[in-house]
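Report on the following structure.
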Amino acid sequence: QVQLVESGGGLVQSGGSLILSCAASKISFRANVMGWFRQPKGKQRELVAIITSGGTTTYADSVKGRFTISMDNAENTVYLQMNSLRPEDTAVYYCNLPFRGVNYWGQGTQVTVSS
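Here the sequence shown stands for residues 894 to 1008, numbered as in my numbering.
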């Protein structure tokens, strides 16, 4: 059973920075794609950023230029560096690993940005 363990959330003031990490364990393969999604309270889950093992990245328009996703292929770990945080970035952030038609999710980590 694939497990994704996230860390790094918390409370930060507007304009501040946080880094999230997500490690995939109990897998016998190298992840080809990993990503981050977020779900603000009362809203739907939305894509934040994804990255392939080859380094190709995709970002939501709302985070371009502020967030950076990176991946340690050998460790099946994905990171999300979040700079210039805004109150509207407040959400539960989820790590995602798609594999063979199944979407695996982390437990979520709360990010709260105060104004």
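Glycine included, C-beta positions come from ideal geometry on N, C-alpha and C.
(1) Under 6 Å Cβ to Cβ from R959, same chain only, skipping five residues before and after it: list those, please.
(2) Which partner residues of V995 appear in the DSSP bridge assignment?
(3) Within 8 Å, do at least three Cβ pairs link the region 920-929 to the region 1000-1007?
(4) Quick one, are the C-beta atoms of V1004 and T983 less than 8 Å apart?
(5) To which residues of the same chain is K919 closer than 7 Å at the C-beta, ignoring the five residues directly before and after it?
(6) Return the first residue and the last residue of the beta strand (DSSP E) that Q906 is part of.
By the coordinates alone:
(1) Once the five neighbours on either side are set aside, the close Cβ partners of R959 are N976, S977.
(2) F992
(3) no
(4) yes
(5) Q894, V895, Q896
(6) 903-906
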